[in-house]
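Using the numbering used here, read the sequence shown as starting at 98 and increasing by one per residue.
Backbone N, C-alpha and C define an ideal beta-carbon position, used for all residues, glycine too.
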Amino acid sequence: MSRTDKLVLTVLVLLNAAVKLAWLRVNELSGDEPFTVFWAQQGTRDLLAMFQEENNPPLYFFLMKWWSAAAPLEVAWLRVPSAVFSAIAVWPLFLFARKHLSIWAAISACLLFTFCNEHYAYAHEVRAYGLLTLLAITAMWQLDRLARRKPRAFLWLVAVNALMAYTHFMGWAAMGIQFLCLLVVAEWRHALRTWLKTLGIAVVLFVPYGHVFVQRVGSSVVHGTWLAQPAWDEPYSMLWRWSNQPAITVLFLCAIAFACWRTRAKNIAMRVGLLWAGTPLIGLFIVSFFVPLYLDRYLVWAAPGFAMLVVACLEQLTDKQTVVRVALIAACAAMLVTFRPWAGNGMHPSRVAEQVRQWDEEGGTSFTVLPYWYTLNWAAAEDLALFRDPYALETWNAVKSRGVGGYDPTHPVAGSDAPDGPVILIDADARTTTPSPEVRSYLRANYPRIDSVEADRKVWVYRFRK
């Protein structure tokens, strides 16, 4: 790597770090984040037991366990690892793109990644997606090095693929794309046998967790997932998320179509980008009509392939380098002006907690939370220190076993009737994940006085009184 390339790469990494480490507090802990934080505070034995029942490989949870033990238990600090993983991801992306494209295109690929609102959002989540993205890009870079017979590429690919499998189950889909690239990209085909050896070693390294993986995948196939079948426009909507705005999406697609027609996709970066982004974009869409899995976070590892595809195609629009550079600058500028790192996700569990406090001033209130996992969002909004309480896990297991938080009106304690005191129901859009109409019917039948307020987006708080 030349001195210029090293300097450019350093600037890109520092730029990403500065951007990704900004606005870490713009969003409250919400969604699945409190789940990660809660389990990162539990003992190793309890954490291992959780993995037997949830679709969460262990690597990121253990990283967060170690990190949260050393850093303050505060929102911004909890998000630092994901932000750092996302910032570092431009390193392998630049090196991979630079090998097959000009330095202008390699820089542009990194800037499209940097200014993508979708990537920025996941860089600020206490979840595994930032790490998964870093590993997926690194794996493709090492696959390219393996095909070019570079030293230590074999060991690097084994390590990265094994780590990817232990980070998220979609890591196996990323490895499937590697296999497809080796079959389709003629320049890489000679490395197929060597790659199969790396895969074999990665599988062996995954054996200790293999039975959990098979069990969880089997459960999803047999019983389905909480997701619905995707709408027919979902692939376009996914590209829209990767491009920030619909107009940019259309322009990028036009550039891809024209460049592929003009050059027959002779450039390796174009072919790899098509396979890396296009195959999961369409393939997972088709699979989701049988086992619904089409979700933006499950495709976050494929989005960098789209960035590389776009810049590779822009570089092939014409032989005039001035025009190419203008096109690359325009693409980066379009992503920059539509980049909104300061924009929140609109989720405020603290407002739910505040509403509950207002209605529970006198105490003696029973609580019901639907779906039950939102109890962790509520608890995190009240006080993150609750997750370190010695009885936190015992309380959570009681909540989960009853299916709701605190009080289950459809299955009251033996010999008890509906409580005389008020009952507060927190309904976090439960109809989409945990349909429980009997809970609402029971409460309405037994408590004629009802107050309600939408305390947060799609989160309603109800107070039932006799």
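From A115 to G461, what distance separates their C-alpha atoms? As a position in the sequence shown, residue 115 is number 18, starting the count at 1. As a position in the sequence shown, residue 461 is number 364, starting the count at 1. If I take the Cα positions, the gap works out to 48 Å.
Out of Y306, I274, Y391, point me to the one whose CA is closest to L371's CA. Position 274 of the sequence shown holds residue 371. Of the residues Y306, I274, Y391, the one whose Cα lies closest to the Cα of L371 is I274.
In this structure, does DSSP put T107 in helix, strand or coil? If you number the sequence shown from 1, residue 107 lands on position 10. T107 falls in the helix class under three-state DSSP.
Helix or strand or just coil, what does DSSP make of D102? Taking the first residue of the sequence shown as 1, we reach residue 102 at position 5. Here D102 sits in helix by DSSP.
Confirm, please, whether the CB-CB distance from L228 to P178 is below 9 Å. Here residue 178 refers to the residue found at position 81 of the sequence shown. Here residue 228 refers to the residue found at position 131 of the sequence shown. The answer is yes: Cβ separation under 9 Å.
In chain order, what residues of the same chain have a beta carbon less than 7 Å from the beta carbon of T376, not counting five sequence neighbours either side? The sequence position of residue 376 within the sequence shown is 279, counting from 1. Closer than 7 Å at the Cβ level, and outside the excluded window around T376, lie I274, L277.
Helix, strand or coil at W164 according to DSSP, with G and I counted as helix: Position 67 of the sequence shown, counting from 1, holds the residue named residue 164. Three-state result, W164: helix.
Indicate the three-state DSSP secondary structure (helix, strand or coil) for T462 in the structure shown. Indexing the sequence shown from 1 puts residue 462 at position 365. It is coil, neither helix nor strand.
Can you look up Y157 in the DSSP assignment and give me helix, strand or coil? Here residue 157 is taken as the residue at index 60 of the sequence shown, counted from 1. The answer is helix: DSSP assigns Y157 an H, G or I state.
In the DSSP assignment, find the beta strand (DSSP E) that holds F561 and state where it starts and stops. The residue you call residue 561 lines up with position 464 of the sequence shown. First-last of the beta strand (DSSP E) with F561: 556-562.
Proximity below 9 Å, CB of L121 to CB of H221: Position 24 of the sequence shown, counted from the first residue, corresponds to residue 121. Position 124 of the sequence shown, counted from the first residue, corresponds to residue 221. By the CB criterion at 9 Å, L121 and H221 fall inside the cutoff.
Check whether the region 422-434 touches the region 534-549, taking contact to mean three or more Cβ pairs, one atom from each stretch, closer than 8 Å. no
Residues bridged to V116 (per DSSP): What you label residue 116 is simply residue 19 of the sequence shown in a count that begins at 1. Partner(s): none; V116 has no beta bridge.
Does the region 276-294 touch the region 158-167, meaning 3 or more C-beta pairs lie closer than 8 Å? no
Contact check, D524 vs Y559 under 8 Å by CB: the rounded distance? Counting from one through the sequence shown, the residue named residue 524 turns up at place 427. Counting from one through the sequence shown, the residue named residue 559 turns up at place 462. Between Y559 and D524 the Cβ distance is about 7 Å, and since that is below 8 Å, they are a contact.
E551 - partner residues in DSSP beta bridges: Counted from its first residue, the sequence shown places residue 551 at position 454. Answer is W557, bridged to E551.
V388 by DSSP, collapsed to three states: which one? In the sequence shown, counting from the first residue as 1, residue 388 sits at position 291. DSSP places V388 in coil when its eight states are reduced to three.
Reduced DSSP secondary structure (H/G/I, E/B, other) of D524: Within the sequence shown, the letter at position 427 stands for residue 524. Looking at D524 - three-state DSSP - the assignment turns out to be strand.
Check whether the Cβ atoms of L254 and W292 lie closer than 9 Å to each other. Sequence index remark: in the sequence shown, residue 254 carries index 157 (1-based). Sequence index remark: in the sequence shown, residue 292 carries index 195 (1-based). Yes. Within cutoff.
Alpha carbon of Y544 to alpha carbon of L522, nearest angstrom: For the purposes of this step, residue 544 is taken as the residue at position 447 of the sequence shown. For the purposes of this step, residue 522 is taken as the residue at position 425 of the sequence shown. Going from the Cα of Y544 to the Cα of L522 covers about 12 Å.
Which residue marks the beginning of the alpha helix (DSSP H) containing G370, and which one marks its end? Within the sequence shown, the letter at position 273 stands for residue 370. Here the alpha helix (DSSP H) through G370 covers 365-370.
How big is the Cα-Cα spacing for S199 and E412? Locating residue 199 in the sequence shown gives position 102, counting from the first residue. Locating residue 412 in the sequence shown gives position 315, counting from the first residue. Answer to the nearest angstrom: the Cα atoms are 8 Å apart.
Contact belief for A477 with P438 at Cβ below 8 Å, rounded distance in angstroms: By one-based count along the sequence shown, residue 477 stands at place 380. By one-based count along the sequence shown, residue 438 stands at place 341. That pair is no contact at about 23 Å.
Just to check my reading of the structure: V223 and L126 have Cβ atoms closer than 8 Å, yes? What is that Cβ distance to the nearest angstrom? As a first step, residue 223 must be located in the sequence shown, where it is residue number 126. As a first step, residue 126 must be located in the sequence shown, where it is residue number 29. Right, the Cβ-Cβ distance comes to about 7 Å (below 8 Å), so this counts as a contact.
For the alpha helix (DSSP H) that R338 lies in, which residues bound it at each end? Along the sequence shown, read from residue 1 onward, the residue named residue 338 stands at position 241. 331-340 is the extent of the alpha helix (DSSP H) around R338.
Considering only residues of the same chain and omitting the five flanking positions on each side of M272, which have a CB-CB separation below 8 Å? In the sequence shown, counting from the first residue as 1, residue 272 sits at position 175. Counting only Cβ-Cβ distances below 8 Å, and skipping sequence neighbours, we find A236, N258, M261, A262, L296, A299.
Quick check on H265: buried or exposed, where buried means 16 or more other Cβ atoms within 10 Å of its Cβ? Along the sequence shown, read from residue 1 onward, the residue named residue 265 stands at position 168. Label assigned to H265: buried.
Separation of W470 from V172, as counted between CA atoms: Your numbering for residue 172 matches position 75 in the sequence shown. Your numbering for residue 470 matches position 373 in the sequence shown. In a straight line, the C-alpha of V172 is about 19 Å away from that of W470.
Mind checking Q452: buried by the 16 CB within 10 Å criterion, or exposed? In the sequence shown, counting from the first residue as 1, residue 452 sits at position 355. The residue in question, Q452, is buried, as its Cβ has 16 or more Cβ neighbours within 10 Å.
Kindly list the residues whose CB is nearer than 7 Å to the CB of L192, restricted to its own chain and excluding five residues on each side of it in sequence; keep chain order. Walking along the sequence shown from the start, residue 192 turns up at place 95. Correct list, in chain order: W238.
Give a yes or no on whether the C-beta atoms belonging to L118 and A203 are separated by under 9 Å. Here residue 118 corresponds to residue number 21 of the sequence shown, with the count starting at 1. Here residue 203 corresponds to residue number 106 of the sequence shown, with the count starting at 1. Cβ distance not < 9 Å, so L118 and A203 don't count as in contact.
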